[in-house]
Amino acid sequence: MGKLHLNNIKLRDKLLLMYLLSVFIPIVVTNVVFYHVTTNNIRNQKIRDANIALEKLQRELRSVIDEAAGISYLYYIDPVLNEHLNRTYESDIEYVEAYNTAMKGVFNKSEQAYGTIASTVIYSDNPTILTSGTILPLTDAVRSADWYAQFRRTSVSYPVLIHSGNDFSFVQRLDYAASGPYTQIVKIDLNMSTVRRLFADSGFEGSVYFVHPDGTVQYTDDREVDWRTGATPMSAVALPEKPIAFSKHYANNNYLNGWSLHGVMDEKAVLQEVRKSSAFVFYMACINFLLPSLIIAAISRSIHVRLVRILRHMKKVKNQHFETIPYEESRDEIGQLTGEFNRMTQRIDSLIHDVYMADIQKKDLEIKRRQAQLQALHSQINPHFLFNALETIRMRSLIKGEAETARTINRLSKIFRKAIVWNRDWVTVREEMELIECFLEIQKYRFGDKLEYRLTVEEAVHDLRIPKMTFLPFVENASIHGIESSPGIGLITVHIGYADGRLAFRLTDNGVGIPPERLESIVRYLQGGDEMGEHVGMKNAYYRLKLCYKDSFDFAIRSEEGKGTAIEILLPPKPETAVV
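The sequence shown lines up with residues 72 to 651 when you count with the numbering used here.
Spelled out as structure tokens, the structure:
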């Protein structure tokens, strides 16, 4: 390898290197560093703000719950209320008098916390207590309620936080005195408007989930989660593609032990402010790009203008306009390049007139010779095919009536008619197949029941154009050389369709086959030089394919002695509108 030096670097590469070092790399590095620093700063700030907001919500929610729990404790330890609930009244009047005397100020506790508590109800199975305001009978309907079933599964003396449907409630046994024969419980429903307001005003930029100790979501501001049933586990909640998760657990509190707040933010939303500043970043990048670019343009203008002029004259040379560049005295590399270009242009002009034009004339003569040869090939009809066809008609006409002989002669006349009428080098697959069918019917006339054939053509290839009489010589060869010498019933199968985007011709017969050494000799003969020799059957067809398609067609012949022969030809598809 040569020594790495600026003098060994092309001028274009020098300009590119200058651009990379002065403009591109500084802009990319600056933007990447700026973006990452800004992203990390905003992300960390958002995480701190979210953590503070979640802690605030935790405190405020606990304050609401503590207030309701405190009121529940006041009912629990109230001796007047306990004595009133556990007393057996002789009459309704006695109960009413006792209620008016002792219970007037008991329920003021709940009224003082109207913003926290939605309702307070005391249930009792004391049959002598009348339904009165906040005191209701503990009926079977109450016992079958979901909240009561959850409460029955606990045996603690402190209030229990229960979620049922759309509400949160504190439920506590009023058994402080532990002397009454009856069961009393107090149920305090939280004000859900206050709870929703706490979640809405938390300032947390994401979704917050209030989770039961068993891991199910009991309340959330995420509209995609059904929290009312209390059956959605936190682990089943659909999270954003890049979530930022927070969790705050309640501890050192009997009725909130195990409960927790979980917050989830979408990192894309967190970085939204960075995206909003993308326009500013873009403008800064443009400034960083334009200033160095202007400096580069000012320095390299003298180089660029003269290089463009040389390029313009080079394009003229490509179109055989050999004009020299008006020479300007300059000592740098561009001036030297201009002088060498002028000398090269003059030399090329001389060579074209001395050598190239003569070569073009020679090639033109060769093309005309090949076209004449191709036209001659088209005008040829296989002599032994005509002989065999006419001999067959003559022999069969001696032993059969006029009708069958007339049909055979008609098919033969079709072949002659097409050969005369076709005044073009290319025909459609449909026309070629009509010619093949006429030939096979003549052969069937000759061989009788000894010959059968099957012709199948895919619909999509009917109108594709191919060289005239491309496939017929191979069908003729199969019938004459393959079937005639076969002792059994001969079958010729022809299929034309698409294979790997190309037109595929496949011919098979169950004739006598070809010995390996003979097959190898045929292949060498087909792929030989331009000389046709005396036998122009398959060689004629193969050579015409070579002239028309060059090396863009494939030809394969396989044979097994005693079992038959298969020929496959793959041609590039030619549109029906092609003019050749």
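Each residue gets a CB set at the ideal place from its N, CA and C atoms; glycine is no exception. Computed from a predicted model, the values in this text were never measured in an experiment.
The beta carbon of ILE640 lies closer than 6 Å to those of PHE576, PHE626 in the same chain, with the five residues before and after it left out. Taken through DSSP and simplified to helix, strand or coil, PRO284 comes out as coil. With distances taken between CA atoms, ASN237 lies nearest to TRP218 out of VAL94, SER278, TRP218. Shown here, ALA169 sits in a helix according to DSSP, grouped into three states. With contacts defined by Cβ atoms closer than 9 Å, GLU523 and LEU578 do not form a contacting pair.
Counting along the chain, PHE626 sits inside the beta strand (DSSP E) bounded by residues 625-631. One alpha carbon belongs to GLY286, the other to VAL308, and they sit about 11 Å apart. In summary, MET336 is buried, with 16 or more beta-carbon neighbours lying within 10 Å of its beta-carbon over all protein chains present. Assignment of GLY204 by DSSP, reduced to helix, strand and coil, places it in the coil class. Taking a contact to require three or more Cβ pairs closer than 8 Å, the segment 109-120 and the segment 215-233 do not qualify as touching. Rounded to the nearest angstrom, the gap between the Cα atoms of THR409 and ILE381 is 7 Å. Contact between ILE560 and LYS521 holds, since their C-beta atoms are separated by about 6 Å, short of 8 Å.
With fewer than three CB-CB distances shorter than 8 Å, the segment 196-210 does not count as touching the segment 229-245. By the Cβ rule, the segment 499-506 counts as touching the segment 529-549, because three or more pairs are nearer than 8 Å. Looking from the CA of THR265, the closest CA among GLU131, PRO587, THR636, SER371 belongs to GLU131.
Taking TYR253 as the centre and dropping the five residues before and after it, the same chain places the C-beta of LEU156, ASN157, SER195, ASP196, ASN197 closer than 8 Å to its C-beta, in chain order.
Assignment of beta-bridge partners to LEU642 by DSSP yields LEU574. Minimum Cα-Cα distance from GLN255 among the listed residues PHE353, ALA169, ALA271, LEU152 corresponds to LEU152.
For PRO643, the closest of ARG223, LEU365, TYR620, PHE393 by C-alpha to C-alpha distance is TYR620.
If you draw a straight line from the Cα of SER162 to the Cα of TYR147, it is about 26 Å long. Closest option to PHE281, judged by alpha-carbon separation, among PRO397, LEU128, HIS424: LEU128. Taken through DSSP and simplified to helix, strand or coil, ALA216 comes out as coil. Secondary structure within the segment 504-577: the alpha helix (DSSP H) runs of 4 or more consecutive residues, fully enclosed, are 543-548 (chain order). According to the DSSP secondary-structure assignment, THR110 is paired through a beta bridge with no residue.
Taken through DSSP and simplified to helix, strand or coil, PRO587 comes out as helix. Distances from the CA of ASP246 to each of ASP149, ASN390, GLU394 were compared; the closest alpha carbon is that of ASP149.
Relative to VAL565, the option among ASP260, LYS617, ALA549 whose CA is nearest is ALA549. Around the beta carbon of ASN581, a 10 Å sphere encloses 16 or more other beta carbons of the protein chains shown; the residue is thus reported as buried. Here the segment 296-305 does not lie against the segment 320-329, with fewer than 3 beta-carbon pairs under 8 Å apart. In this structure, the beta-carbon distance from ILE567 to LEU574 falls below 9 Å. If you check the CB distance, THR187 and ALA139 come in under 9 Å. Spanning the alpha carbons of ASP137 and GLU295 requires a straight line of approximately 29 Å.
Inclusion of LEU269 and VAL135 in the CB contact set at 9 Å is warranted, their separation being smaller than that value. Taking each of ILE259, LEU77, THR202, SER203 in turn and checking the Cα distance to PHE222, the smallest one comes out for ILE259.
Listed as beta-bridge partners of ALA316 by DSSP are VAL335. If one requires a minimum length of 4 residues, the alpha helix (DSSP H) runs lying completely within the segment 253-284 are 263-271, in chain order.
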